[in-house]
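Everything on this sheet refers to the single structure shown next.
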Amino acid sequence: MRPFEYFRPSSLKEASELLVRYGDGGHLLNGGTDLIVRMRDGLTLPSAVIDLKGIEQLSRIREDEESVYIGATVNLNQVGRHETIGKSFPYLAEAALSVGSKQVRNRATCIGNLCNASPLADTATPLMALDAVLEVFGPEGEREIPIRDFFVFVRKTSLKPGEIVKGVRVTKTAGQGVFTKLARRKEVDLSMVCMTLLKAEDGWRLSYGAVAPTPVRLPKTEALLNQGAALEEVLSCAVSEVKPIDDVRASREYRLEMVKVMLKRGLEQIEKGGAVS
Amino acid sequence: MKFVGKSIKRVDGVKKVTGSLKYVDDMKMPRMLYVAVKRSPHPHAKILSIDPSEALRLKGVKDVITGEFYTKRGGLYLEDKNFLAVGKARYRGEAVAAVAAESEDIAQAAVELIKVEYEVLPAVTNAVEAMAPNAPLVHPDLGDYKVAPVFFPEPGTNISNHYKLRKGDVEKGFAEADFVFENKFYVPHVQHVPIETHTAVAQMDADGYLTVWASCQSPYAVRQALSAAFDIPLNKLRVMSPAVGGGFGSKAGTTLEGIIIPLAMRSNGRPVKLTYSREDEFENAYVRQGLHATIKTGVRKDGKIVAVQNEFIWDGGAYTEYGVNIVKAAGYASAGPYDIDNVHTDSYCVYTNHPVGGPYRGFGMSEIHFGIEQNLDIVAEQIGISPVEIRRINGLKPGGRTGTGELVEVCGLMECLDNVIRDIELDKEEPASGPNKRRGKAIACGWKAPSMPNNAASSAVIKLNEDGTAHLLVSAQDIGQGSDTVMTQIAAEVLSISPEKITVRTGDTDHTPYEWQTVASRITYSAGRAVYEAAQDAKAQLFELAQIKLGVYKRDLEMRDGFIVSQIYPDRKVAISELALGLTFEDGSGVHGPIIGRGSFIPPNIRNADKKTGLGDHPVAFWTYGAQGVDLEVDVETGHIKVLKVASCFDVGQVVNPQMLEGQLEGAILQGMGTALFEELMLKDGKILNKSFVDYKIPTSDDMPELVVSFVENPEESGPYGARGVAEPAMVPTAPAIANAVYKAVGIRLSTMPLTPEKVLAAMKAKGQTK
Amino acid sequence: MSKLTVSFILNGEEVEHETLPNRTLLKMLREDFDMTGAKEGCGAGECGACTVIMNGQAVNACLVLAPEAEGSIIETIEGLSDGTHLDPLQQAFIDNAALQCGYCTPGMIMTAKALLDENPTPTYEEIKEGISGNLCRCTGYKKIVQAIQSVADQNRVGHGND
């Protein structure tokens, strides 16, 4: 691993200042399960690593009547086992618990999973379906970014220099949802395709991972579902809204096929009431 | 028996569960230097120049070497390799230079500073294409290479060994057959994936004495190879293998040792260490060779197979010093465990610009059986009999003849088949777990013999201590298979002392006696037999002294619980402890001195097969036979296979340690399952696309199906207490049994491994379209 | 690059240690503390051979930077037995022949310990899933699951459950 300076600031302001000072060389450390491997492989060569775990306020899951908020250093097992998340958003809990191994999830954070902007981030699809909002701290103050505006491209987000994601907020929504992930191996594997299907009070929401440069929502398919269109039409529309590629994990063709199968099964599962509201 | 056949607890258990066992990478020595390797980015390229000057200027860098420092070629059976590329690089990742530095980070940084100029050459990355007359030659000088006389390279081509088996008259056989079928199969490269990667430390004293600590399966074979490569006499070269974190064949030969030794020679006594990263392990340790197999079968209406013609084209990679023997083994085993009168096999070892092929658990058998055992099911269905029937009709039984014409004397194949049919409940149809699932059950058989030189030898020494305990010295390496415990049990049985009283020491060519190699599932059989002989030798010496001491004939003595006891007068006995240092008389004088038992063993009467036909009446030490049954289900919408249950049974001759033997069979099933379902080195233009655990998946605990293992015991005459080897054969039938069960479930036949969801789904679609 | 002082509790002892930041907890444990029980099998959090327990949770020591250990409680395989008595899990691994080459064993046992600390009586399926972050190439896992289950069974009796 190349040399770097390590900082463990105790406030967001301090962290943001460090990030500004080190420019492109400054990298935030949430859980580190992605960053450390990239540093080992020489893919990321930071001059400064800024560990957010010293900032007390980021380490909690908070909730009120309307929403649940997951702080930037909350790990995926904490998300997956949180009582309210398990009750209100079981598909988010499932997505969190589908990432990596138990050991990895004890370090990896939900926010880190999002900020990597991997096309196949497992926690992104439920949060996309939930229209989650990212709360951001930056040199120019705080702002909110709706998650659908957050992912720009592979490993690229809409964060500006010096900005730090404090946490993600989801509004409690009555409805049923399903998260499914298809991988080569059941445990500790990356998604070939992952999906969240949510039947909310105001209609259907559908999002996929690993089928485009970023996690995506499928608005046209959602509209067809809301109109009660025939299954075949819905499935073809879903396929038309994604742009998967060939890679070592799966071919484009297989991914397209799975987009249909997963959606069909998700609809069946919700119809049966298999998923919790 | 008291100790053989019992589940004695592993003698290395406490050290392993406490994490206190020191593996080579755990070693830290004063003034140690760390090595990093510069590797070729091209699969085939002439090396025009290497400029280390900038690397040498980096603070903390001590030395940089290239292949020019030692240009002598080496290799186990065919001397075709250099540890560092000389003149050209023949696969992507081949070592072209190495750095020794004060830390790993410095060594890594220095590697980036070495400048290498290449002239890229056309690469050949497919074994079938490599056999074409105009293919680029990976080794243009093949004709000059030294080769053991049982291998047949074809200079001027990429073929480094052409093995032929010619039994009977295959054309006549096909003419007599009612049906003739031909099927093709492909098995891709896979990797062994021991959890411990390759690692070694080398240190040379001022007087030229070289010590190598390596995670290796075969210290003596490594000593021999390194001695020859670096012109160091055997008495000045000590190889130690303190512990091995999994081998599966990958640590059988020499790999990275040869990279660090030249650096150790030039480091003025400082120890030099290299540990492979996981990525290195995938690219630069051995891989399992790829195989293109074509099997043509002539069969009568009654199910009797009358002729088989095989063509095996092996992708041996850039160097085949070891691979040539895998190709030979696959050739002489090519008929499978079946009694077939006419067999015609060509097995080709072919150079490509791919990673280096080498020994992998099964030594070619898993690869050929993927074809053989699927082919049998295909043929059976075509002629309207069941997979079980075709195996009962053709399977080897005592009195039958193998593919090389050898008379079969001991063979429990049919019993193994019966057991797995019972355990898998083959005839019981069971429902799938859901509407999108289809369930299937099927079987496969397998066999394997140790592939080793006819005279591959083992030896053992037992030293008795004055308190009645003993030290057992062998160079059979416990690479996880449990040989330390098995050797202890055998010695304990002969001497009738409890295993706790025996300490086993291994893996040090200066202090433990010769062992050819820990490979070929031969250790329980061969080293076990040497231990048996050593213990018998110690016992004979004890009896000599005891007959004087007790005044009874030695023929009437026996060992019993730490004593030498008269069988006629049970009250006449003497403790081992009393005689361990020799017999002492009443006047204080003594005779004989310390008891040291010596045992040596070479499997009896193994003779070379005929060079032209490959036929031979006793070309191998023994054959191990077995069968497996698989129960699985397939998701018809996603193509995912879930293996529900695997039953496995092998004829092991004599179970030495039931619990550990179960572990061998269970581990083999999961390893076989991994290759069947997930594992493949995805190679594109010589580049491995998935050289990490992120994209090369092996099974986890969650993938484990229900496992049912059983044994048959038809004793092996020359083995200790009748035992024969099983660790490799146990993996052989798994992949084809899974493929056969997939056919049962969804009616599709996949001729290439692994059986990925994508392939399953595509095959199902293709089948639907053709309907 | 500046060195940092890291204070933490290692197998029950308070330690204060100076380290460069660009190394992992695993390297620090193995090279500076000579605790070589945790192994590097991949360096990427995929194999679990480096598993240690950090603040009660199993983690991959290869995915923790040395300075992140500040203020934490770290338990390694070296701290599991007192040198005289084995931990019940360690004994169960021996009794069930749940190890072969031994390279994954320290990590496997630490994962199992964290699992049992959290849930003393896991089911067979929970164990299978719970150790899926630890690769073993030798055993086929069955005997490992059985070993852990045998300790869970003892716990069940101890806890007065069915």
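Chains as they are written, first to last, in this note's numbering: chain A, 204 to 480; chain B, 532 to 1302; chain C, 717 to 878. C-beta: ideal position from N, C-alpha, C; glycine also.
- Listed along chain C is no residue with a C-beta nearer than 7 Å to that of M896 (chain B); the closest approach is about 18 Å.
- The DSSP-derived three-state label of E732 (chain C) is strand.
- Under the rule that a run must span 3 or more residues, the beta strand (DSSP E) segments found entirely inside the stretch 993-1030 of chain B read 1001-1005.
- Note on geometry: alpha-carbon atoms of V555 (chain B) and D611 (chain B) lie some 28 Å from one another.
- Three or more beta-carbon pairs separated by less than 8 Å link the stretch 969-981 of chain B to the stretch 1153-1162 of chain B, which places the two stretches in contact.
- Around E713 (chain B), the same chain offers K827 as residues with beta carbons nearer than 6 Å, after the five sequence neighbours per side are excluded.
- In the three-state reduction of the DSSP assignment, P671 (chain B) falls in the coil class, being assigned neither a helical nor a strand state.
- Going by C-alpha positions, V355 (chain A) is about 39 Å away from Y649 (chain B).
- Taking a C-beta cut-off of 7 Å against chain C, the contacting residues of the stretch 1214-1239 of chain B are S1223, F1224, V1225, I1229, T1231, S1232, D1233, M1235, L1238, listed in chain order.
- Comparing C-alpha distances from R308 (chain A) to each of C:G761, C:I793, C:V873, C:E729 shows the shortest one belongs to C:G761.
- For Q870 (chain C), the uninterrupted alpha helix (DSSP H) segment begins and ends at 858-874.
- Scanning its chain for C-beta atoms nearer than 6 Å, with the 5 sequence neighbours on each side dropped, one finds no residue around E474 (chain A).
- For G915 (chain B), there is no enclosing beta strand (DSSP E), since its DSSP letter is neither H nor E.
- Closest by C-alpha distance to T821 (chain C), out of C:L796, C:E842, C:K743, is C:L796.
- For G1250 (chain B), same chain residues with a beta-carbon under 8 Å away, outside a window of 5 residues either side, are T1055, Y1056, G1059, R1060, F1153, G1184, Q1185 in chain order.
- Non-local C-beta neighbours of T597 (chain B) in its own chain, meaning closer than 7 Å and more than five positions away in sequence, comprise I581, L615, V627, A628, ordered along the chain.
- By the neighbour-count criterion, in which 16 or more other beta carbons inside 10 Å mark a residue as buried, P664 (chain B) falls on the exposed side.
- A residue is called buried when at least 16 other Cβ atoms come within 10 angstroms of its Cβ; A377 (chain A) does not meet this threshold and is exposed.
- Close CB contacts of L741 (chain C) within its chain, under the 6 Å cut and outside five residues either way in sequence, are with A777, V780, A782, A785 (chain order).
- Close to M717 (chain C), with beta-carbon spacing below 8 Å, are these residues of chain A in chain order: P206, F207, E208.
- In the DSSP annotation of this structure, the continuous segment of the beta strand (DSSP E) that includes C397 (chain A) starts and ends at 396-403.
- The beta carbon of R205 (chain A) is closer than 6 Å to those of L248 in its chain, skipping five residues each way along the sequence.
- The three-state secondary structure of T1155 (chain B), taken from DSSP, is strand.
- Counted as a single uninterrupted DSSP element, the beta strand (DSSP E) harbouring T742 (chain B) occupies residues 741-745.
- Judged by beta-carbon spacing, G778 (chain B) lies within the 9 Å limit of C817 (chain C), meaning their Cβ atoms are closer than that value.
- Looking at the DSSP output, D846 (chain B) shares a beta bridge with B:G821, B:V881.
- Residue burial is scored here from C-beta neighbours: V651 (chain B) has fewer than 16 other C-beta atoms within 10 angstroms and is therefore classed as exposed.
- By the beta-carbon neighbour count (other beta carbons within 10 angstroms, threshold 16), T328 (chain A) is buried.
- With the criterion set as a beta carbon lying under 8 Å from some beta carbon of chain C, the members of the stretch 390-414 of chain A are E390, V391, in sequence order.
- Contact check for Q905 (chain B) and R1280 (chain B): beta-carbon distance about 7 Å, within the 8 Å limit, so the pair qualifies.
- What L1292 (chain B) touches in chain A, judged by beta-carbon distance under 8 Å, is Y457, E460, going in chain order.
- Spatial neighbours of N278 (chain A) in its own chain (CB-CB distance under 7 Å, excluding positions within 5 residues in sequence) are listed in chain order as G234, R308, N309, R310, A311, T312.
- Boundaries around C1180 (chain B) are those of the beta strand (DSSP E), 1172-1182, since no alpha helix (DSSP H) includes it.
- Linking I637 (chain B) to S808 (chain B) through their CA atoms gives a straight-line distance of about 16 Å.
- At a cut-off of 9 Å between C-beta atoms, V277 (chain A) does not count as an interface residue with respect to chain C.
- CA-CA distance, G889 (chain B) to T851 (chain B), rounds to 7 Å.
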